[in-house]
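In the working numbering, the protein residues as written are 1 to 239.
Working notes, structure below.
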């Protein structure tokens with residue numbers, strides 16, 4: 001009886017060793033490609049980027065301290081508006097008043113901006129772009145432009161305007177009325193302009209001819225406002 005027990009014991013032990021060795025050969029070796037165990041409770045809202053990715057911050061860093069610049073030498077009164085207005089003229093006096101009320105005022109930058117606005121307003125008026133015009137014109141001037149566009153649309157007409165060049169932009173008047181600065185600019189330009197009826201026939205202007213045009217526009221801005229933009233408050237044809 002004991003011999004039988006010994007034989008069965010030996011068989012079971014041999015079988016157990018065999019099974020252990022087989023399991024170890026399959027499960028006990030790591031290849032380095034195993035996926036990490038999935039954690040369903042991990043913070044999935046956090047996205048970690050590789051170290052080489054750029055980091056985008058929503059809050060800008062505090063501005064670095066800049067060394068104080070040395071005070072600029074005072075400009076002689078006769079040189080302040082050189083090339084813009086004659087010394088001692090009414091225009092120079094008006095620019096002086098505007099610059100005193102608005103320390104950021106720069107006449108050269110104003111003229112450049114006025115030229116750009118002039119071209120934009122003329123072309124957008126021809127296109128009938130009321131939204132753009134509303135941002136550049138005072139309410140009264142916009143109402144006049146809007147009425148002209150409406151009449152043109154009711155007649156089924158379309159306008160075409162193309163700038164060839166702006167040959168001159170001269171400040172002819174400048175003044176400060178309480179907190180409102182007003183500057184009048186005389187523009188001399190060359191453009192191609194025409195109006196067509198609903199059939200496409202040119203009924204006004206010339207679609208091929210370059211025409212010399214002179215316009216006198218007045219720009220205004222409240223110098224106490226944070227809005228740096230000037231608006232056109234008056235327009236007239238010059239000579």
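Here a beta-carbon is modelled for each residue, glycine too, at the ideal position from N, C-alpha and C.
In this text, all values refer to a predicted model and were calculated from it rather than measured experimentally.
Next item on the list: On the DSSP bridge assignment, give the partners of residue 171 in chain order.
Entry: The residue labelled residue 171 in the question sits at position 171 within the chain shown. According to DSSP, which records beta bridges pairwise, residue 171 is partnered with 185.
Check: Under the three-state reduction of DSSP, which class applies to residue 126: helix, strand or coil?
Finding: Here residue 126 is taken as the residue at index 126 of the chain shown, counted from 1. In the structure shown, residue 126 sits in a helix (DSSP, three-state: H, G or I).
Check: Looking only at its own chain, which residues have a Cβ that is under 8 Å from the Cβ of residue 208, when we skip the five neighbours before and after it?
Finding: Within the chain shown, the letter at position 208 stands for residue 208. Excluding residues within five positions, the ones whose Cβ falls inside 8 Å are 192.
Margin query: Taking DSSP's pairing of strands, which residues face residue 160 in a bridge?
Written below: To locate residue 160, count along the chain shown from 1; it is residue 160. Looking at the DSSP assignment, residue 160 forms a beta bridge with 194.
Next item on the list: Kindly list the residues whose CB is nearer than 6 Å to the CB of residue 221, restricted to its own chain and excluding five residues on each side of it in sequence; keep chain order.
Entry: Counted from its first residue, the chain shown places residue 221 at position 221. Excluding residues within five positions, the ones whose Cβ falls inside 6 Å are 181 and 230.
Next item on the list: Let me know the secondary structure DSSP gives residue 150 once reduced to three states.
Entry: By 1-based counting over the chain shown, the position of residue 150 is 150. Of the three classes helix, strand and coil, the one that applies to residue 150 here is helix, per DSSP.
Margin query: Quick check on residue 144: does DSSP put it in helix, strand or coil?
Written below: Sequence index remark: in the chain shown, residue 144 carries index 144 (1-based). In the structure shown, residue 144 sits in a helix (DSSP, three-state: H, G or I).
Next item on the list: Would you give the residue range spanned by the beta strand (DSSP E) that residue 205 belongs to?
Entry: To locate residue 205, count along the chain shown from 1; it is residue 205. Start and end: 202-205.
Next item on the list: Please name the residue in 232, 174 and 238 whose C-alpha comes closest to that of residue 132.
Entry: As a working note, residue 132 is residue 132 in the chain shown. For residue 132, the nearest C-alpha among the options comes from 232.
Checklist line | DSSP-derived helix/strand/coil call for residue 110 | finding: Translated into positions along the chain shown, residue 110 becomes position 110. In the structure shown, residue 110 sits in a helix (DSSP, three-state: H, G or I).
Next item on the list: Pair every Cβ in the region 133-146 with every Cβ in the region 81-94, then say whether three or more of these pairs are closer than 8 Å.
Entry: no
Next item on the list: Give the straight-line distance between the Cα atoms of residue 235 and residue 79, rounded to the nearest whole angstrom.
Entry: Position 235 of the chain shown, counting from 1, holds the residue named residue 235. Position 79 of the chain shown, counting from 1, holds the residue named residue 79. Rounded to whole angstroms, the gap between the alpha carbons of residue 235 and residue 79 is 30 Å.
Note to self: Do residue 185 and residue 201 count as a contact pair if the criterion is CB distance below 8 Å?
What the structure shows: Position 201 of the chain shown holds residue 201. Position 185 of the chain shown holds residue 185. Not a contact, by the Cβ cut-off of 8 Å.
Next item on the list: Keeping to the same chain, check which residues put their C-beta closer than 6 Å to that of residue 226; ignore five residues upstream and five downstream.
Entry: Your numbering for residue 226 matches position 226 in the chain shown. The answer is none, since no qualifying residue turns up.
Margin query: Between which residues of its own chain and residue 238 is the CB-CB distance below 7 Å, once the five residues before and five after are set aside?
Written below: The residue given as residue 238 occupies position 238 in the chain shown. Only 186, 214, 215 and 216 meet the Cβ criterion.
Item checked: Sequence-distant residues of the same chain with beta carbon closer than 7 Å to residue 119, five excluded per side -> Against the chain shown, residue 119 aligns to sequence position 119. Same-chain partners within the cutoff: 163 and 166.
Next item on the list: For residue 140, I'd like the list of residues in its chain whose CB is within less than 7 Å of its CB, leaving aside the five on either flank, ordered along the chain.
Entry: Position 140 of the chain shown, counting from 1, holds the residue named residue 140. Excluding positions up to five away in sequence, the list is empty.
Check: Taking the DSSP output, what are the residues bridged to residue 95?
Finding: As a first step, residue 95 is located in the chain shown; it is residue number 95 there, counting from the start. Beta-bridge pairing links residue 95 to no other residue.
Note to self: Between residue 197 and residue 157, how many whole angstroms is the CB-CB distance? I'm expecting something under 8 Å.
What the structure shows: Here residue 197 is taken as the residue at index 197 of the chain shown, counted from 1. Here residue 157 is taken as the residue at index 157 of the chain shown, counted from 1. Confirmed, Cβ separation roughly 6 Å.
Check: Apart from the five residues just before and just after residue 102, which ones in its own chain have a Cβ nearer than 6 Å to its Cβ?
Finding: Residue numbering aside, residue 102 sits at position 102 when the chain shown is read from its first letter. Taken in chain order, the residues that qualify are 223.
Next item on the list: From the DSSP output, in three-state form, read off residue 85 for me.
Entry: The residue you call residue 85 lines up with position 85 of the chain shown. Residue 85 falls in the coil class under three-state DSSP.
Checklist line | Rounded straight-line distance, which links the Cα of residue 81 to that of residue 96 | finding: Residue mapping note: residue 96 aligns to position 96 of the chain shown, counting from 1. Residue mapping note: residue 81 aligns to position 81 of the chain shown, counting from 1. Taking the straight line joining both Cα atoms gives about 9 Å.
Margin query: Going by beta-carbon coordinates alone, are residue 179 and residue 114 separated by less than 8 Å?
Written below: As a working mapping, residue 179 is identified with position 179 in the chain shown. As a working mapping, residue 114 is identified with position 114 in the chain shown. Not in contact: residue 179 and residue 114 (Cβ atoms no closer than 8 Å).
Notebook entry, point to check: In the structure shown, what three-state DSSP assignment does residue 139 receive?
Noted result: Against the chain shown, residue 139 aligns to sequence position 139. Residue state, collapsed to three classes: helix.
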